[in-house]
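K.L.:
The opening position of the sequence shown corresponds to residue 2 in the numbering used here, with each subsequent residue numbered one higher.
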Amino acid sequence: ITAAEAPVIDTACAALLQLSGRVHSCGQKVVLTGEGADEWLVGYPWYKAAKLLGFLDLIPGVHLSNVARNAYLRLNNVPHFPNSWRREVENAVAGPNAWIDAYGMLAISKLRFYSESMREALADTNPWTELNFPV
């Protein structure tokens, strides 16, 4: 696979695509893959990262995981959204979410590539809050 329609967070989808092609070439319509077990067994890498970062938040009210995230971004000179943006996203989806955390690390790349005028135009826009989830 040389291209994708969107950023690919988990490369396991490439193997699933290959499996689907093989199943189709054999004339089959359905295959039992075990997909879904990751949700139950916390197998996705972003859940593992969230669990590790969660160990930093043992003291109630002291969010050392946020300090670690911000330190990583600053040390690597990665432009990032303010902490208020992260809190808005978490409030929009009923709290911290491991997948959104992982996706957010990819999403901040747009801050490197968007022009200043584009960033200004989007400054007050938060697509997560516009979804209006019933939280």
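The beta carbon of each residue, even a glycine, is placed where N, CA and C say it ideally should be.
1) Report the rounded CA-to-CA distance for Ala-124 versus Ala-16, giving the unit in angstroms.
2) Let me know if Arg-23 comes out buried or exposed under the rule of 16 or more other beta-carbons within 10 Å of its beta-carbon.
3) Looking only at its own chain, which residues have a Cβ that is under 6 Å from the Cβ of Glu-91, when we skip the five neighbours before and after it?
4) Give the range of the alpha helix (DSSP H) segment to which Pro-168 is assigned.
5) To the nearest angstrom, how far is the alpha carbon of Ala-72 from that of Pro-83?
6) Taking the beta carbon of Arg-70 as the centre, do at least 16 other beta carbons fall within 10 Å, making it buried, or is it exposed?
7) Helix, strand or coil: how does DSSP classify Gly-62 here?
8) If you follow the alpha helix (DSSP H) that Gln-19 is in, where does it begin and where does it stop?
P.N.:
Based on what the coordinates show:
1) Answer to the nearest angstrom: the Cα atoms are 38 Å apart.
2) So Arg-23 counts as exposed.
3) By the criterion of a C-beta distance shorter than 6 Å, Glu-91 is surrounded in its chain by Pro-97, once the five residues flanking it on both sides are discounted.
4) Absent from the model: residue 168. The displayed extent of the chain is 2 to 136, so no value can be given.
5) One alpha carbon belongs to Ala-72, the other to Pro-83, and they sit about 13 Å apart.
6) With 16 or more other Cβ atoms within 10 Å, it is buried.
7) Note: Gly-62 maps to coil in three-state DSSP.
8) Where Gln-19 is concerned, the enclosing alpha helix (DSSP H) stretches over 13–26.
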